[in-house]
Structures are given as structure tokens and as C-alpha cells.
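Going line by line, the protein sequences match chains F and P. Number 207 marks the last residue of the first sequence (my numbering); no jumps. Number 207 marks the last residue of the second sequence (my numbering); no jumps. Yeah, the Cβ is synthetic: ideal placement off N, Cα and C, and Gly gets one too.
There are 2 protein chains.
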Amino acid sequence: MSAMEYFPAALEALVEQFARLPGVGSKSAQRLAFHVLNLSAEDAQAFADAIVTAKKTVTFCPVCRNLTDGGLCPICSSPKRDESVICVVADPRDVAAIERSREFSGRYHVLHGVISPMNHVGPDDLEIKPLLERVSKGGVEEVIMATNPDTEGEATAMYLARLLRPFAVKVTRLAYGIPVGGHLEFADDATLMRALEGRREI
Amino acid sequence: MSAMEYFPAALEALVEQFARLPGVGSKSAQRLAFHVLNLSAEDAQAFADAIVTAKKTVTFCPVCRNLTDGGLCPICSSPKRDESVICVVADPRDVAAIERSREFSGRYHVLHGVISPMNHVGPDDLEIKPLLERVSKGGVEEVIMATNPDTEGEATAMYLARLLRPFAVKVTRLAYGIPVGGHLEFADDATLMRALEGRREI
């Protein structure tokens, strides 16, 4: 007999919905559901509407596959962004992270994942074809592989680099090294090795 | 410039909704919003509907003020539950906790909070009047104060005990002591003191 049976069915149903969210356990789901009960009717409706609206209106940019409210994304439609450089990332959140650095003025391409045999994600599950189409149209001089510096991100970058070899395009990878503000003593061996390899004259 | 500005407005709005939930930080809110985008349209709609339905249909039981889908709650409408004992709790989740122990066969009364001057919660903000009405109607022999064993729960129990003094009713408090399965060395001084005070012959 679960604790849930002592709650009304509609509350149980809401707890179950919250419990399906990633990183939300049964106790948290309960707390979130009770929070919703304590909202005003308007606020609860606004929350529900935000879910449906986001799901309905957010689509992929037809060019770079980043998230957009419809049509070209703001970066692809901006004439200020350099079309000759494409930064390839796994996730829309990576676009946000790189934009925050204000260091990049080119365009993006979002793969929506990385190749991961363990999770049954193959190249065909990613937005690779639209990338090849963009590059094959010409005008692209450099493709920066900005997938995560882990095994799967690395393998995906290598796979794409091989696919891009037939095109006259420079393929680069983000630099590895110790994070700014980090401490040497907490850096792992692999990172330190890469930081030494990539050392630059000052 | 926040990272959010690189996401579509509808996604931003959903992230903000999640960020308002208790215990959900901005990173978690982002993760939850992206999770919703990856749901099927039907699942997103079901989530939204669960919010609106719970908010619309869940009400307070007219007798014990516990949550119900409408009308008397299952416990108040069950002829098997002893009407002569009322267990007073602060929150509907406490009802679920006590029911799980299967030790209690009486009725409940849910206060929906405790007296807390710090949080501007006074006796009038709690469901105290309906409790006094229930007791004044007669037939109640014992009222068990099952508010939390902290300062506010204790103060609330004492306050209610004083209010109930004019009625011919026994007022009791849950026993204090070391938790079952707990370790003496981790028990705080106050708990150990109460456990010694309340010791029983075996």
C-alpha cells in the first residue's frame, strides 16, 4: 500500500507526472505537486499553458537545427554572423554556453546528441545530413568540433571530421587544457597531459 | 546577458515556470524544460492537464480538512474508522505517513500549517475552528496532537490543548524517543533526554 493511496486521484496523477521528470524522486514529486495545489488557479493555468506552448511552438531551425520559435533561428538569420565558420555542438545548451563567452561570431550546427552505441544512438539519429548539405553548398571555410571532451563527444568529432574530409574545409577541435580559475592539483592526468601538449609561448 | 536569451521565448517561459518550483535551481529548470520538449505532444498535454485537473478538483474535506476529490474524504466517509479519536496533523502528507504505520484507526484533522509568528501564520490561518466544532458536537473522547516535534509544532499542540480544555476530551501527544533503527550516538541531547524520561518497563 503506497502513501499515494491516501491522496485524491487527481493529486496522485500529478505526483506521478512530476516523478517522471529527470532527477525528481518520489518525495520531490510530492513536494512539487503540493506546491501546484497551493498556486492560484491562474498561476497553475499559466504553468500548464507554458508546457503546451513550448511543446507546440519550439521547433528546429531548418538550417542549423538549433531551437527556434519558428523559421530561421536568430543566429542563422543575423547578417552579422560569419557564414564561413560553423561550430558543431551536441546540444542547444552548448550554443548558449558558447554564446555566453562572446568569443564566437560564426554560425552553429546542433547535432542533438552524440554517437553512443551504449545508448543505441547511431549517426543516423543525429542531425549530420543537414551539416553535410550546408558544407557541400560551399562558402564554409572552417568547421569547429565543439562536442564534449569525453569519449562519445570525441568519437563523434572524429567521425564527422572523416565525413568532412572530401570537402575543402578546415576541421578544428576546441583546445584541451586546465580550466580557467581551476587548480592544477585537482586537474586529472589526461587534462594535465593535454595542457602540457598544447602549451603556448607567452 | 543571460544564457536564456539564446533560447526561443516559449522555452524561456517554460524554464521560468520550472524555476519557480521549490528546490529547482536555474540549471535544473533548464533540464526539466528540455525534457518537456522531448516528450511526445500527447505526454506534454497530459502533464499540463494533470496540473490543471489537480488544481481544479482537489478540495478540502468539509469535516477533517484533508485533501479530497470532492465531498467527504475516504477516511471521514469510512464507517470502519473510530469517530471517537481525532489525530491532529499539520499537513496532508502527515496523514499519509501515519496511515502507512497502520497503527491508527481513528479520524484525522488537518490544520494546514502550524502557528509560526516568524512566517506570519497565526491561529486564524489554520483549520482550528472546524476542529473545535467537531469536538463540541460530542462523541470525541481523545484528540492526539501529532504535529511535528519542533518548536512550532510543539507550540501549536500546546495552544490547541489549551483551547480543548473546556471540552470533556483527553488530549495526548505523540511519544518522543529514539527513532526505531536509529543509533544512540547520532541522537541529539533533547531526544535522548525525552527517551529517558519516557522509558518503559520491558
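With 16 other Cβ atoms within 10 Å as the buried cut-off, status of residue i
{"i": "P/Thr152", "result": "buried"}
{"i": "F/Ala195", "result": "exposed"}
{"i": "F/His114", "result": "buried"}
{"i": "F/Arg205", "result": "exposed"}
{"i": "P/Val41", "result": "buried"}
{"i": "F/Leu189", "result": "exposed"}
{"i": "F/Gly187", "result": "exposed"}
{"i": "F/Ala95", "result": "buried"}
{"i": "F/Ala18", "result": "buried"}
{"i": "P/Phe39", "result": "buried"}
{"i": "F/Ile133", "result": "buried"}
{"i": "P/Ile207", "result": "exposed"}
Interface partners of residue i on chain P, CB under 7 Å
{"i": "F/Tyr164", "result": "Residues of chain P passing the Cβ test: none, with the nearest at roughly 23 Å."}
{"i": "F/Phe52", "result": "Gln22 and Ile56"}
{"i": "F/Ala160", "result": "What F/Ala160 touches in chain P: nothing, since even the nearest Cβ is about 23 Å away."}
Residue closest to residue i, alpha-carbon to alpha-carbon, out of the options
{"i": "F/Phe12", "options": "P/Ile133, P/Glu104, P/Pro171 and P/Val126", "result": "P/Glu104"}
{"i": "F/Gly203", "options": "F/Asp74, F/Tyr181 and F/Asp193", "result": "F/Tyr181"}
{"i": "F/Pro97", "options": "F/Ser110, F/Leu116 and F/Pro154", "result": "F/Leu116"}
{"i": "P/Pro128", "options": "P/Pro171, P/Asp193, P/Ser45 and P/Glu157", "result": "P/Glu157"}
{"i": "F/Asp54", "options": "P/Ala101, P/Pro79, P/Cys92 and P/Ala15", "result": "P/Ala15"}
{"i": "P/Leu83", "options": "P/Arg112, P/Asn71 and P/Leu165", "result": "The sequence as given places Ser at residue 83 of chain P; Leu does not occur at that position. Minimum Cα distance to P/Ser83 is reached at P/Arg112."}
{"i": "F/Ser136", "options": "F/Ile56, F/Tyr164 and F/Ala102", "result": "Sequence check: residue 136 of chain F is Leu here, not Ser. Closest by alpha carbon: F/Tyr164."}
{"i": "F/Ala46", "options": "P/Ala166, P/Val63, P/Leu44 and P/Ala51", "result": "P/Val63"}
{"i": "P/Cys92", "options": "P/Ile183, P/Ile207 and P/Val174", "result": "P/Val174"}
Same chain, Cβ closer than 8 Å to residue i, neighbours up to 5 away in sequence not counted
{"i": "F/Leu77", "result": "Cys66, Pro67 and Val68"}
{"i": "F/Thr177", "result": "Glu147, Val148, Ile149 and Met150"}
{"i": "F/Gly144", "result": "Glu88 and Ser89"}
{"i": "F/Leu179", "result": "Ile149, Met150, Ala151 and Pro154"}
{"i": "F/Leu201", "result": "none"}
{"i": "F/Ser7", "result": "Reliability fails at F/Ser7, whose pLDDT of 43 lies under 50, so the model's placement of it is uncertain and no value is given."}
In DSSP terms, what residue i is bridged to
{"i": "F/Cys92", "result": "F/Tyr113 and F/Ile149"}
{"i": "P/Arg204", "result": "For P/Arg204, which the question treats as bridged, DSSP gives no partner whatsoever."}
{"i": "F/Leu72", "result": "F/Phe65"}
{"i": "F/Thr58", "result": "DSSP output for F/Thr58 lists no bridge partner at all."}
6 Å Cβ shell around residue i - same chain, five flanking residues per side excluded
{"i": "F/Thr161", "result": "Val119, Ile120 and Thr152"}
{"i": "F/Ala34", "result": "Val20, Phe23 and Ala24"}
{"i": "P/Ser31", "result": "Ala24"}
Residue-chain proximity (residue i, chain B), Cβ-Cβ < 8 Å
{"i": "P/Ile149", "result": "Absent here is chain B; the protein component of the structure consists of chains F and P."}
Contacts around residue i, its chain only, beta-carbon distance under 7 Å, and the 5 residues preceding and following it disregarded
{"i": "P/Asp99", "result": "Ala151"}
{"i": "F/Met198", "result": "none"}
{"i": "F/Phe172", "result": "Val140 and Ser141"}
{"i": "P/Phe191", "result": "none"}
{"i": "P/Cys81", "result": "Cys66, Val68, Cys69 and Arg112"}
{"i": "F/Asp130", "result": "Gly118"}
{"i": "F/Met9", "result": "Note on F/Met9: pLDDT 42, under 50, position unreliable in the model; the coordinate value appears next. These residues qualify, in order along the chain: Glu17 and Val20."}
Per-residue contacts from residue i into chain F (C-beta, under 7 Å)
{"i": "P/Val93", "result": "In chain order: nothing, as chain F lies at least about 16 Å away."}
{"i": "P/Glu104", "result": "Tyr11"}
{"i": "P/Ala46", "result": "Lys60"}
Under 8 Å by beta carbon: chain F residues contacting residue i
{"i": "P/Thr73", "result": "Pro13"}
{"i": "P/Ala18", "result": "Ala55, Thr58 and Ala59"}
{"i": "P/Ser33", "result": "Gly28"}
{"i": "P/Pro84", "result": "Ordered by position in chain F, no residue passes the 8 Å Cβ test against P/Pro84, which lies about 18 Å from the chain."}
Where residue i meets chain P, residues with beta-carbon distance less than 8 Å
{"i": "F/Thr62", "result": "Pro13 and Ala15"}
{"i": "F/Leu42", "result": "Ala59, Lys60, Val63 and Leu72"}
Under 9 Å by beta carbon: chain F residues contacting residue i
{"i": "P/Pro122", "result": "Result: empty, since nearest Cβ-Cβ is about 21 Å, beyond 9 Å."}
Neighbouring residues, chain P, relative to residue i (Cβ below 9 Å)
{"i": "F/Leu37", "result": "Leu26, Pro27, Gly28 and Val29"}
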